[in-house]
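Asks: Structure provided below as structure tokens; questions to follow.
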Amino acid sequence: MDDLTPLRYFRAAYELGTFSAAARACDVRQPSVSAAIARLEGHYGGVLFRRSRDGLTPTPLGQELYQQAGGVLAQVNRLEARLKGHVAQIARVYCAPDVFMAPFDAGLARIRMAEARVQFQFTDDLTQADLLFCDKGCLPRGCGFHPLWQDRYGVGLPQGHALLAAGPLTLADLAGQAIIARPYCPSADQFLTGLQRADAPAGMIVAASATHDAQLMDLVAAGLGIALMPMSHADVHRGVILRDVAGIDSVTRIVGVGFRKTDFAAGIARHFLSRDTILTTAPVAAGAF
């Protein structure tokens with residue numbers, strides 16, 4: 130409770146004997162303590178301490194304030210400790226449309242075990258999230274990031290597609306195919322832009338546009354078209370088979386856990402990452418950063 134902050138500084142100064150010691154105990158700068166004491170003296174209309182080289186000596190007014198304030202602060206501290214145990218702490222979580230949540234379940238469970246009052250609230254606004262599960266390239270400025278794995282991209286094909294019978298695929302094999310677009314993904318944008326080059330496959334058309342990857346895989350499985358997908362999506366959908374395509378090796382992403390640089394967000398991120406890496410496949414190569 131901020132209104133009681135000057136009293137807390139006063140009590141620390143009274144007990145420790147100097148403003149500098151009170152400032153260290155309260156984790157603030159000495160001018161903050163001095164200014165708080167000055168406000169109290171102005172409010173109560175008298176001097177609270179006599180200053181000397183030996184430290185602070187409380188005046189009668191200071192002694193009276195200390196005796197009265199001690200009980201008030203103790204009661205408020207007990208009240209806050211009791212009530213805070215019943216108030217949820219909201220952790221806002223953003224999961225990118227091209228990332229599945231399943232790999233992060235264990236980390237979220239660790240947060241709940243460590244912080245029983247945390248309540249997860251998912252958001253579509255990545256700039257407001259405390260935790261973010263996304264590609265490093267999509268991270269808002271000013272956020273911390275811990276990489277978990279690196280993905281290359283391939284092409285998702287429906288069961289029974291003619292290209293499954295072909296050998297290693299190239300961009301030329303994609304000529305004439307209908308493709309499902311993924312405009313939200315930077316790597317997919319890079320790929321689709323590349324298809325407009327003179328040497329890119331001719332005749333490709335955008336048959337549909339997906340808003341998230343669960344939808345993307347359903348559209349592929351339904352036979353509406355093929356789609357660029359992270360290879361880590363293999364085995365996610367039984368109706369979709371992923372194949373490598375020569376010529377798109379440079380299209381990659383780095384997926385990890387982002388977090389706002391606040392004490393709360395950094396704390397829950399540490400709980401999330403406190404044990405072994407949550408994935409054992411497709412790890413980020415050493416020295417990749």
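Going by this note's numbering, the sequence shown opens with residue 130, and the numbers climb by one from there. The beta carbon of each residue, even a glycine, is placed where N, CA and C say it ideally should be.
Quick check: what's the CA-CA separation for Arg372 versus Asp156?
Replies: One-based indexing of the sequence shown puts residue 372 at position 243. One-based indexing of the sequence shown puts residue 156 at position 27. Each residue's alpha carbon lies about 57 Å from the other.
Asks: Mind checking which residues open and close the alpha helix (DSSP H) that includes Ile166?
Replies: Residue mapping note: residue 166 aligns to position 37 of the sequence shown, counting from 1. Per DSSP, Ile166 belongs to the alpha helix (DSSP H) from 159–173.
Asks: Using C-beta distances below 7 Å, list every residue in its chain close to Val374, excluding the 5 sequence neighbours before and after it, in chain order.
Replies: Mapped onto the sequence shown, residue 374 falls at position 245. Gly283, Val284, Leu298, Thr299, Leu300.
Asks: Identify which residue in Gly184, Glu170, Pro359, Gly175 has its Cα closest to the Cα of Ala151.
Replies: For this step, residue 151 is matched to residue 22 along the sequence shown. Ranking Gly184, Glu170, Pro359, Gly175 by Cα distance to Ala151 puts Gly184 first.
Asks: How many Å lie between Arg180 and Leu133 at the Cα?
Replies: Taking the first residue of the sequence shown as 1, we reach residue 180 at position 51. Taking the first residue of the sequence shown as 1, we reach residue 133 at position 4. Spanning the two alpha carbons is a distance of roughly 23 Å.
Asks: Alpha carbon to alpha carbon, how far is Asp253 from Gly191?
Replies: The residue given as residue 253 occupies position 124 in the sequence shown. The residue given as residue 191 occupies position 62 in the sequence shown. Taking the straight line from one Cα to the other gives about 53 Å.
Asks: List the endpoints of the continuous alpha helix (DSSP H) containing His400.
Replies: Along the sequence shown, one-based indexing puts residue 400 at 271. Run containing His400: 392–401, per the alpha helix (DSSP H) assignment.
Asks: Going straight from the alpha carbon of Ile383 to that of Pro232, what length do you get?
Replies: For the purposes of this step, residue 383 is taken as residue 254 along the sequence shown, with counting starting at 1. For the purposes of this step, residue 232 is taken as residue 103 along the sequence shown, with counting starting at 1. In a straight line, the C-alpha of Ile383 is about 14 Å away from that of Pro232.
Asks: Less than 8 Å between the CB atoms is what I'm expecting for Ile370 and Leu260, so what's the real figure, rounded?
Replies: Residue numbering aside, residue 370 sits at position 241 when the sequence shown is read from its first letter. Residue numbering aside, residue 260 sits at position 131 when the sequence shown is read from its first letter. Not really, about 32 Å apart at Cβ, beyond 8 Å.
Asks: Using the three-state DSSP reduction, which class does Ala329 fall into: helix, strand or coil?
Replies: Walking along the sequence shown from the start, residue 329 turns up at place 200. Summary for Ala329: the model assigns pLDDT 47, below 50, so the residue's position carries little reliability; its value from the coordinates is reported in the next sentence. Three-state result, Ala329: coil.
Asks: Using a Cβ-Cβ cut-off of 8 Å (strictly less than) and excluding sequence neighbours within five positions of Cys272, which residues of its own chain qualify?
Replies: Taking the sequence shown and counting its residues from 1, the one referred to as residue 272 is at position 143. The residues are Leu261, Gly387, Phe388, Arg389, Lys390.
Asks: Can you tell me whether Ala327 is buried or exposed? The criterion is at least 16 other CB atoms within 10 Å of its CB, across all chains shown.
Replies: Taking the first residue of the sequence shown as position 1, residue 327 is located at position 198. With a pLDDT of 43 at Ala327, under the threshold of 50, the modelled position of that residue is not reliable, and no figure is offered here.
Asks: Using 10 angstroms around the beta-carbon of Ser361, count the other beta-carbons present and answer buried if the total reaches 16, otherwise exposed.
Replies: For the purposes of this step, residue 361 is taken as residue 232 along the sequence shown, with counting starting at 1. By the 10 Å Cβ count, Ser361 comes out buried.
Asks: Measure the alpha-carbon distance for Phe249 versus Ala398 and round it to whole angstroms.
Replies: Here residue 249 corresponds to residue number 120 of the sequence shown, with the count starting at 1. Here residue 398 corresponds to residue number 269 of the sequence shown, with the count starting at 1. Their Cα atoms are separated by approximately 13 Å.
Asks: Hey, Ala363 and Leu348: beta-carbon distance below 8 Å or not?
Replies: Residue numbering aside, residue 363 sits at position 234 when the sequence shown is read from its first letter. Residue numbering aside, residue 348 sits at position 219 when the sequence shown is read from its first letter. No. Outside cutoff.
Asks: What is the DSSP secondary structure of Gly387, reduced to helix, strand or coil?
Replies: The sequence position of residue 387 within the sequence shown is 258, counting from 1. Reduced to three states, the DSSP call for Gly387 is strand.
Asks: Report buried or exposed for Gly174, applying the criterion of at least 16 other Cβ atoms within 10 angstroms of its Cβ.
Replies: By 1-based counting over the sequence shown, the position of residue 174 is 45. By the neighbour-count rule (16 or more Cβ atoms within 10 Å), Gly174 is not buried but exposed.
Asks: Compute the distance between the beta-carbons of Ala295 and Cys263, then report whether it is under 8 Å.
Replies: Counted from its first residue, the sequence shown places residue 295 at position 166. Counted from its first residue, the sequence shown places residue 263 at position 134. No, these two residues do not count as a Cβ contact at 8 Å.
Asks: Hey, Leu177 and Arg137: beta-carbon distance below 8 Å or not?
Replies: Counted from its first residue, the sequence shown places residue 177 at position 48. Counted from its first residue, the sequence shown places residue 137 at position 8. No.
Asks: Taking the C-alpha atoms as reference points, what is the distance between Pro189 and Val205?
Replies: As a position in the sequence shown, residue 189 is number 60, starting the count at 1. As a position in the sequence shown, residue 205 is number 76, starting the count at 1. Looking at the two C-alpha atoms, the distance is approximately 24 Å.
Asks: Which of helix, strand or coil does DSSP assign to Thr256?
Replies: Translated into positions along the sequence shown, residue 256 becomes position 127. Thr256 falls in the helix class under three-state DSSP.
Asks: If you draw a straight line from the alpha carbon of Pro135 to that of Pro269, how long is it in whole angstroms?
Replies: For this step, residue 135 is matched to residue 6 along the sequence shown. For this step, residue 269 is matched to residue 140 along the sequence shown. Approximately 37 Å between the Cα atoms of the pair.
Asks: What did DSSP end up calling Cys267 once you bin it into helix, strand or coil?
Replies: As a first step, residue 267 is located in the sequence shown; it is residue number 138 there, counting from the start. In the structure shown, Cys267 sits in a helix (DSSP, three-state: H, G or I).
Asks: With a cut-off of 8 Å on the beta carbons, I'd call Val335 and Ala310 a contact; round off their distance for me.
Replies: One-based indexing of the sequence shown puts residue 335 at position 206. One-based indexing of the sequence shown puts residue 310 at position 181. Rounded, the Cβ-Cβ distance is 5 Å, consistent with contact.
Asks: Could you say which of Phe401, Gly305, Ile219, Pro160 lies nearest to Gln257 if we only look at CA atoms?
Replies: On the sequence shown, residue 257 is found 128 positions in, with the first residue counted as 1. Among Phe401, Gly305, Ile219, Pro160, the Cα nearest to that of Gln257 is on Ile219.
Asks: Hey, could you find the ends of the beta strand (DSSP E) Gln288 is sitting in?
Replies: Working through the sequence shown from its first residue, we reach residue 288 at position 159. First-last for Gln288: undefined, no H or E at that position.
Asks: Check whether the Cβ atoms of His366 and Ala350 sit closer than 8 Å, and answer yes or no.
Replies: Reading the sequence shown from its first residue, position 237 is the one you call residue 366. Reading the sequence shown from its first residue, position 221 is the one you call residue 350. Against a cut-off of 8 Å, the Cβ pair of Ala350 and His366 comes out as a contact.
Asks: Taking the runs of the beta strand (DSSP E) that are 3 residues or longer, which of them lie wholly in the stretch 184–209?
Replies: List check, beta strand (DSSP E) in window: 184–187.
Asks: Hey, how far is the Cα of Gln196 from the Cα of Asp234?
Replies: Locating residue 196 in the sequence shown gives position 67, where the first residue counts as 1. Locating residue 234 in the sequence shown gives position 105, where the first residue counts as 1. The straight-line gap from Cα to Cα measures roughly 51 Å.
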